[in-house]
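Structure first, then comments.
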Amino acid sequence: MQSALREYTTIGHPEPQTRVWHEVYGDGPPVVLLHGAFAGASSWGGQIPALVDGGRRVYCPERHGHGHSPDVTAEFHYADMATETIAYLDEIVGGPSAVVGWSDGAVVGALVALQRPDLVRHLVLIGQYFNSSGRAAGGILDALGTRDDELMSFLAAEYAAESPDGTDHFPIIVDKTMAMIGAEPEIDLGDLSAIACPTLVMQGDRDEVTLRHSRDVVAAIGDARLCVIPGTHLIPIEAAQAVNSVILQFLGAGLS
Numbered sequence: 019m020q021s022a023l024r025e026y027t028t029i030g031h032p033e034p035q036t037r038v039w040h041e042v043y044g045d046g047p048p049v050v051l052l053h054g055a056f057a058g059a060s061s062w063g064g065q066i067p068a069l070v071d072g073g074r075r076v077y078c079p080e081r082h083g084h085g086h087s088p089d090v091t092a093e094f095h096y097a098d099m100a101t102e103t104i105a106y107l108d109e110i111v112g113g114p115s116a117v118v119g120w121s122d123g124a125v126v127g128a129l130v131a132l133q134r135p136d137l138v139r140h141l142v143l144i145g146q147y148f149n150s151s152g153r154a155a156g157g158i159l160d161a162l163g164t165r166d167d168e169l170m171s172f173l174a175a176e177y178a179a180e181s182p183d184g185t186d187h188f189p190i191i192v193d194k195t196m197a198m199i200g201a202e203p204e205i206d207l208g209d210l211s212a213i214a215c216p217t218l219v220m221q222g223d224r225d226e227v228t229l230r231h232s233r234d235v236v237a238a239i240g241d242a243r244l245c246v247i248p249g250t251h252l253i254p255i256e257a258a259q260a261v262n263s264v265i266l267q268f269l270g271a272g273l274s
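Here is the structure:
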């Protein structure tokens, strides 16, 4: 599928301004896809065609220090990523949208929905805990914590293929990402009750988040549903057809 747009754009007016890469596909009501750590727009390759066929205009912004977007801050924090995403929704999307976040992107999506409920019509949160009590053991995060050689080599190659900052910058990205993951998010689930839009919480049955935590997240949000799909943290890749079907049903198959 050819993209409608793949380019850098500038957000944050009047100041401070940030240059970010984004991709835009299709026509219809907007849906914004928020990627996870060490990822970018390409991680949504299993979802974009289905959402476009479902009558959606799909936006895939890459946050600073991810994908093609240059690294511009000394540290990574979810709050800064949410601010950047709010600017993107305000200035590029131009109004309210469905927001789908995977992994780190789910934290960002939840923070956006809390801070700017006027910008989020529907919210999908995939494979993410919102405080450390919900983190599951034995998964990708544990491998990242030990700097697993095979995983690091894979991520470094992906980074080098897209980043304007060069291969030598990858260790800095790793350190910043792991520092953030080690300390954040620590959101009181009671605070999620302020999310007013319809919300879908989705995870694999062997994900980085426990099933109990996801159930508690759903219970905290007034209008939320839970979907568990067989698979790991990578269900948007491993089980793309199932994930897409559930998301499209939740969004109204592109009609809402």
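In the numbering used here, the protein residues as written are 19 to 274. Backbone N, C-alpha and C fix where the C-beta goes; we use that ideal spot for every residue, glycine too. Here the structure is a predicted model, which is why all the values come from computation and not from measurement.
Count the other CB atoms, across all protein chains shown, that sit within 10 Å of the CB of Met198; report buried if there are 16 or more and exposed otherwise. buried
Are the region 31-45 and the region 61-71 in contact at 8 Å, needing three or more beta carbon pairs? yes
DSSP beta-bridge partners for Trp120? Ile144
Arg153 - DSSP class collapsed to helix/strand/coil: strand
Out of curiosity, what's the CA-to-CA distance linking Ser121 and Pro32? 30 Å
For Glu226, the first and last residue of its enclosing alpha helix (DSSP H): Careful: Glu226 lies outside any alpha helix (DSSP H) and carries neither H nor E.
Name the residue from Met196, Arg224, Ser61 and Val235 whose alpha carbon lies nearest to the alpha carbon of Phe94. Met196
Tell me which residues share the same chain as Leu169 and place their Cβ nearer than 6 Å to its Cβ, disregarding the 5 neighbours each side in the sequence. Ala161
Host beta strand (DSSP E) of Gly222 (start-end): Thr217 to Gly222
Length of the line joining the Cα atoms of Asp193 and Ser60: 23 Å
Go ahead and pull the three-state DSSP assignment for Ser274. With a pLDDT of only 40 at Ser274, under 50, the local geometry of the prediction cannot be trusted, and the value read off the model is given with reservation. Of the three classes helix, strand and coil, the one that applies to Ser274 here is coil, per DSSP.
Measure the C-alpha to C-alpha separation of Leu132 and Cys245 and round it to an integer number of angstroms. 22 Å
Close beta carbons around Ser150, own chain, < 8 Å, minus the five adjacent residues each side: Glu204
Collapsed DSSP secondary structure at Ile29 in the structure displayed: strand
Looking at C-alpha atoms only, which residue of Glu202, Gln65, Ser232 and His187 is the closest neighbour of Leu143? Ser232
Alpha-carbon spacing of Ile247 relative to Gln221, whole angstroms: 6 Å
Under a Cβ-count criterion, where at least 16 other Cβ atoms within 10 Å of its own Cβ denotes burial, should Pro182 be classed as buried or exposed? exposed
Could you spell out the range, first to last residue, of the alpha helix (DSSP H) harbouring Ile191? Phe188 to Ala201
Between Ile255, Ala128, Val49 and Leu252, which lies nearest to Gly270 when the distance is taken from Cα to Cα? Val49
Can you tell me the Cα-Cα spacing of Thr250 and Gly119, whole angstroms? 16 Å
Can you tell which of Gln65, Pro88, Gly54 and His84 has the C-alpha that lies nearest to the C-alpha of Arg37? Pro88
Do you know offhand how far Trp62's Cα is from Ala212's? 28 Å
How big is the Cα-Cα spacing for Val295 and Ala154? With the chain represented from 19 up to 274, any question about residue 295 goes unanswered, as that position is not in the structure.
By the three-class DSSP mapping on this structure, what secondary structure does Ile255 have? helix
Below 8 Å between beta carbons: does that hold for Met99 and Val126? yes
Look up Glu168 in the DSSP assignment and give the residues it is bridged to. Answer by DSSP bridge pairing: none, since Glu168 is not bridged.
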